[in-house]
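Presented below is the structure to which this report refers.
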Amino acid sequence: MKRGATKEEIIRTTQEFIARNGIRAVRVDEIAQTLGISKRTLYEMFADKNDLIGACLDAMRTQQQERIVACRKRRSGNPLQKTVRLMNEYIDNLYQVDHSFLSDLRRKVVFAEHYDEHREFWHKELASLLDMCRKQELLLPEIDAEAFADQLMGTLLDLRLNGASREEVSLFCRTILRGAATRQGIELIDRRA
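full-length UniProt numbering puts the sequence shown at residues 1 to 193.
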């Protein structure tokens, strides 16, 4: 039996299980067996299954925030192009995990805080870009950036949960952004297609 699995190894392995099968399917026995450690060893590092999953969600949120920050730094172009790239990142993020994970995360009260923090980070970034688009007259002036970001993110998540393909979700997002764009914004979106 392997001894000395680190907390990071346990978190990484659990993240793989969560991403592949969802939160409810995670079994501590299976994680311990995969790592070659006893359940007791695992429970010496984590109080219970929820503590372990919480640590995984924290790590996932940190990784995603680092991706968004890196994406922000390398984004060039106008705010609408940056918005399209950010939404592609968001959609990619939705498809990195099994839809059951997203469903579990949304519904389980104990993980609601993790879900809200993760969503808020995306929402803030998107709303900021949408507001810049509106100010540069790339989106219609009546667009409320906060509400639009909220609705767009919620709809994309619902599409993912209902089995839409990544391509369908991406096309839907592009269509919605195009519908909210000014003529100048539409031309910029269409140039990318």
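Backbone N, C-alpha and C fix where the C-beta goes; we use that ideal spot for every residue, glycine too.
Asked                                                                                                                                                            : Found
Which residues bound the alpha helix (DSSP H) around residue 136?                                                                                                : Looking at the DSSP string, residue 136 is not in any alpha helix (DSSP H), and its letter there is neither H nor E.
Look up residue 149 in the DSSP assignment and say whether it is helix, strand or coil.                                                                          : helix
Does the region 160-169 come close enough to the region 53-71 that 3 or more CB-CB pairs lie under 8 Å?                                                          : no
Using only alpha-carbon positions, find the residue among 38, 25, 71, 137 that is nearest to residue 104.                                                        : 25
For residue 57 and residue 111, which I take to be in contact (beta-carbon distance under 8 Å), what is that distance rounded to the nearest angstrom?           : 6 Å
Given this structure, state the Cα-to-Cα distance separating residue 178 from residue 186, to the nearest angstrom.                                              : 5 Å
On a Cα-Cα basis, can you pick out the residue from 131, 81, 154, 40 that is closest to residue 144?                                                             : 131
Taking the alpha carbon of residue 50 as the reference point, which residue from 68, 91, 113 has its own alpha carbon closest?                                   : 113
Straight-line CA distance for residue 52 to residue 182?                                                                                                         : 47 Å
Assuming residue 139 contacts residue 133 (C-beta within less than 8 Å), just tell me the rounded distance between them.                                         : 4 Å
Quickly, what does DSSP pair residue 181 with across the bridge? List them, please.                                                                              : 139
Is any non-hydrogen atom of the ligand ATP found closer than 7 Å to the C-beta of residue 179, if you look at the structure I gave you?                          : This structure simply doesn't include the ligand ATP, nor any ligand for that matter.
Assess, as a yes-or-no matter, whether the region 77-95 is touched by the region 24-44 under the definition of 3 or more beta carbon pairs within less than 8 Å. : no
Could you have a look at residue 6 and say whether DSSP puts it in helix, strand or coil?                                                                        : coil
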